[in-house]
Each structure stands twice: as C-alpha cells, then as structure tokens.
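Take a look at the structure below.
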C-alpha cells in the first residue's frame, strides 16, 4: 500500500523515466544474456555446417577432376576452416598434410581399425572426422582425416564476459539519455497542459498554451486554449449580466423606496386641501360662522380644488415618466425653445414686477425631444418666477443654459439636493406660502434622467440661486 501510494504521488515525468529506464535495462540484460548463451552454439553450428559443406566440395573435386591439385585444395580447405587436415592411405600412412607438425599429430592420433568407414566425432575440445575419398589424380581410395579445434567456444565466452558489462553500461547510458529526451518530449507538453488546466479550474485565464507542430499535443493545446477563451468570455458575460441584474435590483429597490416615500408625501399633501375643502363645504352647508359668506369661501374652495387638480396632473406626469418616456428626437434650437417658454410667463413676470433678461452668446442646436425639454425649461423658469425677489437672468453660452434669480434667503448647502425631492419647499412643515404642487424640480430631475444627454448643477450664493443645465 505504501509503495502504491508513493507511486501514485510521483509526477508523470518521473513515472515515464522510471518505466522507460526499467524497460531499457531489462531488455538490454535479456538481449546480452541470450547472446551469451546462444552465440557460441550458433557459431559452432555454423562452423560445422560450413566445414561439412567445404568437405563435400573438396571430395567432389578430388574424385572427379584428374587435374585437380589435391595438395593445394587441402591447404586452402584447412586454412579456410581453421582445421588440421591430412590425406592418408588405408594403411595409415600420411600421403599429404600441410605441415610436419600436423603430420606427427595425425600419426599419434591414428584411428586403428577405423580406416574403412566414415567417422564423425565431436569431443569437448575438438571436432574430428575421417572419411573415405577417391582421389582421381592418384587413382586410388584414400582417407581424408580432419580435426577442427573447438577451444574457440571458451574464447568466445571469455570475450563476451569481458565486454558484456561494458556494452551493458554503454547501452544503459544511451538508453537513459534517450529516455530523458523521450520523457521530456512527452511529459513537458503534458505538464504545460496540466498547469494551464489548473489555472482554468481556478478561473485564471492569463496563461495560454503555445502549440508546436501538428501532432495530438498541438491539437489538444489548441482545444484547451479555445475552451479557456470561450469560458473567459462566458464568465465575463455572466459577470456583466450579474452586475446588470444587481444594478437592476438595486434600482428597483430604490424605485420602490421612492415610490413609498412619494405615496407618503402625496397622502400628506392631499390631506391638507381635502381637509380645508371638507371644512369649508361643511361650514357653508350649515351656515357656520364666517362660512355664511358662501361667495367668498366658494372661491377659496375652488382654489383648493384647482390646487388638487394641478397636483393630480403632476402625479400623472410622474407616473408616465416612471413607466418610460417615449423619446422622439428632432433637431431643435434651444434658444428658440427658451424664448417660447419665456413668452408663456410674461403675464406672471409683469404681475410680480420682475426684471428678466436673456443673454445669448451663441446658438445651441441639439437632437432633443421638444416636449420633454420644453417641460424642463418651463418648470425651471416657472420656479424662478415663483421664488424670485426682483429679477431673473437667463444666459445661453457654449452648451449651457444658466438661470439665475435673487431669493430672500439661500438654502443650506447640505440641503441643496433636497430641493429635487418631491414636495420640498424649504421647510419641514411644508407650509404653503407659495402656490404650487412641490413637484416641479422633482419632475425636472426625473425628465433629465429619462431624456439623457443632459446634466445639471445647482448652487446658491449671496442670495443668488443658480441652476445650470448642460446640453451635452
């Protein structure tokens, strides 16, 4: 179990090296062991087969060719086969042998009583035979006696034993080197693929594989790179979708919160005029106190009803904005639109005895929804007319429409954004010293956001209220 766990914990490169090296070493040992055992036997078998074949050739030539030089033939035969050869008569006398040493040796090893038949004998150290042969040039039957030493088997074994360790070591060294190269060629791409795949699993897509060639590793690398790119793209799209969903959820929550605040504010705003109207009507019905003067209080009641009507229209406008304003863009002159709105307030400007000035440094043309922008300008100028003490100044320059008016008292800087809240009138009691619904600037802000392509800024310094509309 320990070895199994140890093996499983080894990296692919080491596994390839160990397995391949083991195969190379085992194969080398088996090959050289087989060579050590089989080579001498195969060599001996080949030598005996060759000498028998050469013997048949020599016998044929001596028996058939009267001009054949049997002495030269025996010399060549003995030399080629590394054997001792002699031609004897049937009495054992040496007719011919290549040298004197061989002549004496043949005499000492005569096979008495065996000259009349063929003899093949393989001893531990020699292979010898005697065979009857007809020599035509001598015109008589003779005996060809051959002795081939077998001591070379021991020499071969000794040589193999000497060179065997050297050859094995060289083979193993070359095998190990080849295995190192092979394992690197195989394992390095696998290790690179593993590293990149591990990064992909951890959603890290910076590392890319660099495929080389057109083999299976290159195809696998290209496939993994493609998977990485597609996964990164899909995750990015999913993150964007999640972020959009998160923003949509937050926006819906904010809308719900504003809607609740708006409903609470509406309930407060409706409560006062309804209570006033109810009291006035009840007083006039029952002729209570001053309400006996019905003509006077019917006018006041009508004013309250008109105020409620205006409030209802503003609420309907806001509902349309929240549902989504249908934007219809057309190229219009902002300057002309300002003048058009101003003309609608001439009566109120004269009534309030206000000084109003319009300064145009350049013409502004924009792709706008005329109805929305006109409503924005109307609310802004109407608000300036309503709260101005003595004058209104409108400046048009670059992309800016700047509306200034003097006020009795500036709003605190920390409360400046509160003027865009619904029903804000500058005091916590919502006391109605000035007519209006309290939704004008809230509608302005909502329309600017709905239309797009515009931004605004507000400030109040030295009793000068300034609203700046940037037509981007």
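Residue numbers (full-length UniProt numbering): 1 to 472.
Idealized CB from N, CA, C, for every residue including glycine.
The model shown is predicted, which means the values in this text are computed figures rather than measured ones.
Between the CA atoms of residue j and residue i - distance to the nearest angstrom
| i | j | result |
| --- | --- | --- |
| residue 27 | residue 44 | 26 Å |
| residue 158 | residue 46 | 20 Å |
| residue 57 | residue 40 | 26 Å |
| residue 205 | residue 215 | 24 Å |
| residue 90 | residue 126 | 23 Å |
| residue 354 | residue 338 | 17 Å |
| residue 306 | residue 239 | 51 Å |
| residue 344 | residue 333 | 17 Å |
| residue 62 | residue 92 | 19 Å |
| residue 330 | residue 452 | 14 Å |
| residue 356 | residue 465 | 14 Å |
| residue 197 | residue 252 | 40 Å |
| residue 138 | residue 74 | 14 Å |
| residue 55 | residue 29 | 39 Å |
| residue 21 | residue 169 | 13 Å |
| residue 236 | residue 229 | 10 Å |
| residue 293 | residue 308 | 23 Å |
| residue 81 | residue 97 | 15 Å |
| residue 458 | residue 298 | 40 Å |
| residue 303 | residue 274 | 12 Å |
| residue 233 | residue 208 | 15 Å |
| residue 86 | residue 71 | 10 Å |
| residue 177 | residue 189 | 19 Å |
| residue 417 | residue 288 | 45 Å |
| residue 210 | residue 203 | 19 Å |
| residue 411 | residue 286 | 44 Å |
| residue 350 | residue 341 | 15 Å |
| residue 32 | residue 76 | 35 Å |
| residue 467 | residue 327 | 24 Å |
| residue 248 | residue 257 | 14 Å |
| residue 150 | residue 38 | 16 Å |
| residue 312 | residue 259 | 16 Å |
| residue 79 | residue 66 | 23 Å |
| residue 166 | residue 195 | 41 Å |
| residue 283 | residue 296 | 12 Å |
| residue 454 | residue 422 | 21 Å |
Limits of the alpha helix (DSSP H) - the one that residue i falls within
| i | result |
| --- | --- |
| residue 384 | 370 to 387 |
| residue 348 | 346 to 351 |
| residue 446 | 440 to 451 |
| residue 80 | 70 to 81 |
Beta strand (DSSP E) segment containing residue i, residue limits
| i | result |
| --- | --- |
| residue 334 | Run containing residue 334: none in the beta strand (DSSP E); it sits in the alpha helix (DSSP H), 334 to 343. |
| residue 395 | 391 to 397 |
| residue 84 | 84 to 88 |
| residue 95 | 94 to 96 |
Sequence-distant residues of the same chain with beta carbon closer than 8 Å to residue i, five excluded per side
| i | result |
| --- | --- |
| residue 429 | Its pLDDT being 33, under 50, residue 429 is placed unreliably by the model, and nothing is read from it. |
| residue 36 | 157, 160, 161 and 164 |
| residue 407 | 387, 388, 389, 460, 463, 464 and 465 |
| residue 142 | 87, 88, 89, 90, 95, 132, 133, 134 and 135 |
| residue 140 | 89 and 134 |
Close-in-space but distant-in-sequence residues of the same chain around residue i (CB under 7 Å, 5 per side omitted)
| i | result |
| --- | --- |
| residue 444 | 376, 379 and 380 |
| residue 397 | 361 and 362 |
| residue 335 | 360, 363, 364 and 396 |
| residue 420 | 441, 442 and 445 |
Own chain, CB closer than 6 Å to residue i, minus 5 neighbours either side, in chain order
| i | result |
| --- | --- |
| residue 492 | Since the first and last residues shown for the chain are 1 and 472, residue 492 lies out of range. |
| residue 191 | none |
| residue 175 | 24 |
| residue 440 | 379 and 383 |
| residue 469 | 401 and 456 |
| residue 59 | 133 |
| residue 372 | 447 and 451 |
| residue 405 | 384, 388, 392 and 465 |
| residue 352 | none |
| residue 200 | 228 |
| residue 83 | 146 and 148 |
| residue 348 | 385 |
| residue 367 | 329 and 331 |
| residue 427 | In this predicted model, residue 427 has a pLDDT of only 47, less than 50, meaning its place in the structure is not dependable; the value taken from the coordinates is given anyway. The answer is none, since no qualifying residue turns up. |
Beta bridge counterpart(s) of residue i as assigned by DSSP
| i | result |
| --- | --- |
| residue 286 | Paired residues: none, contrary to the question. |
| residue 458 | 467 |
| residue 358 | 394 |
| residue 403 | 394 and 467 |
| residue 365 | 333 |
Heavy atom of the ligand MG within 6 Å of residue i beta-carbon
| i | result |
| --- | --- |
| residue 48 | The ligand MG is not part of the structure shown, which contains no ligands of any sort. |
Which runs of the alpha helix (DSSP H) spanning at least 4 residues fall entirely within the segment 125 to 208, listed in chain order? Runs of the alpha helix (DSSP H) lying entirely within the segment 125 to 208, each at least 4 residues long, are 152 to 201 in chain order.
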